[in-house]
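Taken in order, the sequence shown gives residues -26 to -1, 1 to 150; the numbers are from mature numbering (1 follows the signal peptide of the UniProt record, and there is no 0).
Below you'll find the structure, written out as C-alpha cells, and then a few comments.
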Amino acid sequence: MKTRSTLSAALSISLLSGLALSNAHAANDNKQFSPAECQPYGQTSTYDTLAIRADGVQNKTTNTNKYTICPIVHDADGSWSADSGLTVVLVFAYAGNGTIECTLTVGIDTAGIQLPATQTVAASPFLAGLKIINFTEMSGTSEQPGTVVCRLPPGAKLSYIRSGEEAETDTDPPAP
C-alpha cells in the first residue's frame, strides 16, 4: 500500500512539473528543490514539532499549527518585470481540514527600493491528497533573496518547491 501511495505521489509531482508553472508566458529557467533546507519558524515551532526529511517538512503534532521558513532558490541575474517575473509553486501532501497558508517575501528593506514585496496565499486542492499554492509573478531585482513562510496544520507536509524565472539567464562576460 505504501508503494502505491509513493507511486501516486511521484506521478502527481511529475504532472506538476509541466502544469504548475503554466502562466501567460513560458518560463525560461525553472528550479525545483526539496524543502529539506527549511527550518522551524517562530517561537512554538521547533525541530521537535517539525519533521524535516528528504521528502519534505511535516507538522508532527496532532492539534497545533506549526510554521516553517524556506529559502527560494533562484538566479541572481537581470531584473524581473510584471510580465517576466518570479513564480513560485508549493505542493503539500495533506488530506485534513485545516488551512495551509504561506507568505512569499522577495527582497530586503533598503533605502530607495520599494521592497520587500509579499504575497499571502492559501493552498487549494490539486489532486487527491495534494494541495497547491501557485504564487503569481512578482517583479523586482533578482539579486534580492526570496523566502517563504508556511503555516502547516497538524499532519500537513510541504513536499515540493519550484521557482520559475521568466527572464533569460544572464551569461558570464567573456574572460579578458
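Don't be surprised by glycine CBs; every beta carbon is placed ideally from N, CA and C.
For L104, the closest alpha carbon among the candidates L64, E139, P14, T77 is that of L64. Look at P14 here: in three-state DSSP terms it is strand. Restricting attention to A25, K40, A10, the CA atom closest to the CA of S19 is found in K40.
With the rule of 3 Cβ pairs closer than 8 Å, the stretch 5 to 25 counts as touching the stretch 124 to 135. Taking C-beta atoms as the reference points, L24 and T42 count as a pair closer than 8 Å. Distance check between I46 and each of G81, T73, A130 places G81 closest, using alpha-carbon atoms only. Taking the C-beta atoms as reference points, P9 is found nearer than 8 Å to I135. For the 8 Å CB-CB criterion, L60 and E139 form a contact.
Membership of I46 in the beta strand (DSSP E) is indicated by the continuous run 40 to 46. Distance between G30 and K131, taken at the CA atoms: about 6 Å.
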